[in-house]
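The numbering of the sequence shown is this note's numbering, which starts it at 558 and goes up by one. Following: one structure in structure tokens, then a few remarks.
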Amino acid sequence: MLFQLPKLNFAYKDLEPYIDSLTVETHYTKHHQTYCTNLNKAVNELPELVKLSIEQLLIKLPTIPEPQKTVIKNSGGGFYNHNQYWSTLSPKPQKAPTANLMRAINATFGSLDNLKSMFSGTAAKLFGSGWTWLVKDRNSAIDIITTQNQDSPITLSYRPILALDLWEHAYYLKYQNRRADYIEAWWNLVDWKAVGDYYFNS
Ligand code: MN
558 MLFQLPKLNF AYKDLEPYID SLTVETHYTK HHQTYCTNLN KAVNELPELV KLSIEQLLIK
618 LPTIPEPQKT VIKNSGGGFY NHNQYWSTLS PKPQKAPTAN LMRAINATFG SLDNLKSMFS
678 GTAAKLFGSG WTWLVKDRNS AIDIITTQNQ DSPITLSYRP ILALDLWEHA YYLKYQNRRA
738 DYIEAWWNLV DWKAVGDYYF NS
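Set out below in structure tokens:
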């Protein structure tokens, strides 16, 4: 097996009460695992893909032939996007960005509260299944973007630094149609240390 799920930094129940244990377990062991399994199948069919990292695969996506291209877009994107999602969540998060990241946030959004409110507003408006992201562009500026399905910011030349999964499987068991409540709860788990590490080290 080429790619494997990253280990979570917490137990399934540790994100409660914000995200329930069954949702985390199903999301990780079924949804995320299936993306990983299907990605591995597609990569194994084309020898020239076997040596590439998941980031390289998503950057080279436009040049990959079908049918592998579609599988890597969906399942490779799904694998990578979920790696990002779990990695910035913590039951004991650093509650605020460090001074350096705060400077970048203030330069773009005016304040952390403004960023959060714009991010949540963007996430609430996303139609269908997809993601809202905080990304770093080539000039190290930060921005809020959305992607549909499992499309990945990496393919669009952005480096994601914070990922919010807005597929119903991420919240429906606990929140049903109340997506805004899931978004508000999710902020309690965002580890600004991990976000800052992505911003400065990637
Ligand atoms: Mn998901």
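We put the CB at the ideal spot given by N, CA and C, even for glycine.
Query: Complete beta strand (DSSP E) runs within the stretch 709 to 757 (minimum length 3 residues, chain order); Result: 716 to 722
Query: Between the CA atoms of Ser714 and Asp694 - distance to the nearest angstrom; Result: 7 Å
Query: Local conformation of Thr614 per DSSP, three classes; Result: Looking at the sequence provided, one finds Leu at residue 614 rather than Thr. Helix, per DSSP.
Query: Residue burial classification, Val607 (beta-carbon count within 10 angstroms, cutoff 16); Result: exposed
Query: Three-state class that DSSP yields for Gln651 in the structure shown; Result: coil
Query: Residue span of the beta strand (DSSP E) that contains Gln707, given as start and end; Result: Segment: none, Gln707 is in no beta strand (DSSP E) and carries neither H nor E.
Query: Option in Thr712, Gly687, Asp708 and Leu719 with minimal Cα separation from Arg736; Result: Gly687
Query: Integer Cβ distance of Ala628 from Ala599, believed to fall under 8 Å; Result: Just to set this straight, residue 628 is Val in the shown sequence, not Ala. Correct: roughly 4 Å between the Cβ atoms.
Query: Given Ala720 as reference, the closest of Asn734, Ile740, Lys731 and Tyr732 once Cα atoms are compared; Result: Ile740
Query: As assigned by DSSP and simplified to three states, the class of Lys693; Result: strand
Query: Any non-hydrogen atom of the ligand MN closer than 8 Å to Trp690 Cβ; Result: no
Query: Residues bridged to Asp700 (per DSSP); Result: Val692
Query: Of the residues Asn638, Ile616 and Leu615, the one placed nearest Ala727, counting alpha carbons only; Result: Asn638
Query: Buried versus exposed call for Gly634 [16 or more other C-beta atoms within 10 Å across all chains shown]; Result: buried
Query: Leu672: first and last residue of the uninterrupted alpha helix (DSSP H) it sits in; Result: Leu669 to Lys682
Query: CA-to-CA distance, Gly753 to Pro604, given in whole angstroms; Result: 36 Å
Query: Whole-number beta carbon distance between Ala751 and Thr583, since they are thought to touch under 8 Å; Result: Wrong, their Cβ atoms sit about 23 Å apart, outside the cutoff.
Query: Spatially closest choice to Lys673 from Lys649, Asn745 and Tyr642, by CA coordinates; Result: Asn745
Query: Assigned exposure category for Phe560 - 16 Cβ within 10 Å defines buried; Result: buried
Query: Per-residue burial, Ser759 [other beta carbons within 10 Å of its own, 16 or more giving buried]; Result: exposed
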